[in-house]
Amino acid sequence: MIIMKEIWNRFKRPNLGALLGLAAASFLFSHNSIADGTDGEGSSAHVWSANMMMATEYVFRGISQSNEDPAIQVGIDYMHEPSGFYIGTWASSVEFNTGSNDGTQLETNLYGGFTGAFSNGIEWDFGGLFYYYPEEADDDNGREQDYVEVYGSLAYTVDSPMEPTMEFGFAYSPDYYGKDGDSIWLHSTFGVTTDLGIKPYVTVGFLDVEGDATTGATNGYEYVMYSIGGSYDIGMFTIDLNWTEAVNSADAVANQELSEAVVLSISSSW
Numbered sequence: 400m401i402i403m404k405e406i407w408n409r410f411k412r413p414n415l416g417a418l419l420g421l422a423a424a425s426f427l428f429s430h431n432s433i434a435d436g437t438d439g440e441g442s443s444a445h446v447w448s449a450n451m452m453m454a455t456e457y458v459f460r461g462i463s464q465s466n467e468d469p470a471i472q473v474g475i476d477y478m479h480e481p482s483g484f485y486i487g488t489w490a491s492s493v494e495f496n497t498g499s500n501d502g503t504q505l506e507t508n509l510y511g512g513f514t515g516a517f518s519n520g521i522e523w524d525f526g527g528l529f530y531y532y533p534e535e536a537d538d539d540n541g542r543e544q545d546y547v548e549v550y551g552s553l554a555y556t557v558d559s560p561m562e563p564t565m566e567f568g569f570a571y572s573p574d575y576y577g578k579d580g581d582s583i584w585l586h587s588t589f590g591v592t593t594d595l596g597i598k599p600y601v602t603v604g605f606l607d608v609e610g611d612a613t614t615g616a617t618n619g620y621e622y623v624m625y626s627i628g629g630s631y632d633i634g635m636f637t638i639d640l641n642w643t644e645a646v647n648s649a650d651a652v653a654n655q656e657l658s659e660a661v662v663l664s665i666s667s668s669w
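Residue numbers (the working numbering): 400 to 669.
Written as structure tokens, this is what we have:
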């Protein structure tokens, strides 16, 4: 299972994004996007963008989704700037069933929502996200692997030289991946921009899942994850290096080697 993929932030995608694990408002809709149509003042009203990332590993909410193998991720987004409405799709290579060719090797996300800012500068984002795993069979109890989440976030950047930014977000699913119960994901990211252009950040998240199919029909699990990293822009590319760990996640993933990783990625959007 997978991000953003977290609800996206200005430092990295999940990741939604990777999610990111997301994650981290939009994945840089403004980056050299193709515009179609204008509003009354002549600025772009319809903005399209695409993105691609290559990473040494796909980690979502602190747990590897690629069995510690490299991953390729691509996405396409549309945004109607006057209203703040956006939709998009995102896909990543995954590996859940080690030692066999069974199961899916692809995760696809479909999402949409609204984003904007209050008069005091606080940015907001709210939407829905569908996780789809082609060819991934239901478990022995018939529980589906595909699931839906609703998410939201608030972010604020201080107008100062290092532009410190804080983001708080949540994601809720009524029927989590392979489960018969709901889940709540809470996360917060803090980051700055240095004079050298390096953007260090730290993320802390908490996942609470009810009715985990891997531990019993009525048993769930919960754990905390954290990530420390930094990103740097080189032309149209962004290089990101981070260390992430999911603490007390044995009920979520049997192989604890999958709950800690150092991930290097390079991404671009246009």
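Glycine included, each C-beta is placed from N, C-alpha and C at the ideal position.
Neighbour-count burial assignment, residue i, 16 or more Cβ in a 10 Å radius
i    : result
T514 : buried
F517 : exposed
L505 : exposed
E676 : It is not possible to answer for residue 676, since the shown part of the chain is limited to 400 through 669.
E534 : exposed
D594 : exposed
F636 : exposed
G610 : buried
N647 : exposed
G342 : Since the displayed the chain opens at 400 and closes at 669, residue 342 lies outside it and no answer follows.
F426 : The predicted model places F426 with a pLDDT of 32, which falls under 50 and marks its position as unreliable; any figure quoted below should be read in that light. Buried: at least 16 other Cβ atoms inside 10 Å.
D639 : buried
E642 : Here residue 642 is Trp; the residue named in the question, Glu, does not match the sequence. By the neighbour-count rule (16 or more Cβ atoms within 10 Å), W642 is not buried but exposed.
G474 : buried
G596 : exposed
S666 : buried
S491 : buried
For residue i, the three-state DSSP class (helix, strand or coil)
i    : result
L595 : coil
Q464 : coil
S648 : coil
G515 : strand
S559 : coil
D504 : The sequence shown places Gln at residue 504, rather than the Asp named in the question. Note: Q504 maps to coil in three-state DSSP.
E656 : helix
Y546 : strand
N450 : strand
I521 : coil
S443 : strand
N641 : strand
Y571 : strand
S552 : strand
E534 : coil
I609 : Before going further, note that residue 609 is Glu rather than Ile in the sequence given. Coil.
A423 : With a pLDDT of 34 at A423, under the threshold of 50, the modelled position of that residue is not reliable, and no figure is offered here.
S382 : What is shown of the chain runs 400 to 669, which leaves residue 382 out entirely.
Y510 : strand
Y485 : strand
G577 : coil
Where the beta strand (DSSP E) through residue i begins and ends
i    : result
W669 : From DSSP, W669 is part of no beta strand (DSSP E); its letter is neither H nor E.
F589 : S582 to G590
E456 : Segment: none, E456 is in no beta strand (DSSP E) and carries neither H nor E.
E494 : From DSSP, E494 is part of no beta strand (DSSP E); its letter is neither H nor E.
M478 : A470 to H479
M624 : Y620 to I633
Beta carbon of residue i nearer than 8 Å to that of residue j
i    : j    : result
A645 : I462 : yes
Y477 : I486 : yes
Y571 : G520 : no
S552 : G568 : yes
E480 : D468 : no
V623 : F605 : yes
F525 : G512 : yes
M453 : S587 : no
S668 : N450 : yes
Y531 : T507 : yes
I583 : D558 : no
S465 : V493 : yes
F602 : Y620 : Correcting the residue identity first, residue 602 is Thr in this sequence and not Phe. Against a cut-off of 8 Å, the Cβ pair of Y620 and T602 comes out as no contact.
Y600 : Y575 : no
V662 : V458 : yes
Check whether the stretch 649–658 and the stretch 625–639 are in contact - that is, three or more C-beta pairs closer than 8 Å.
no
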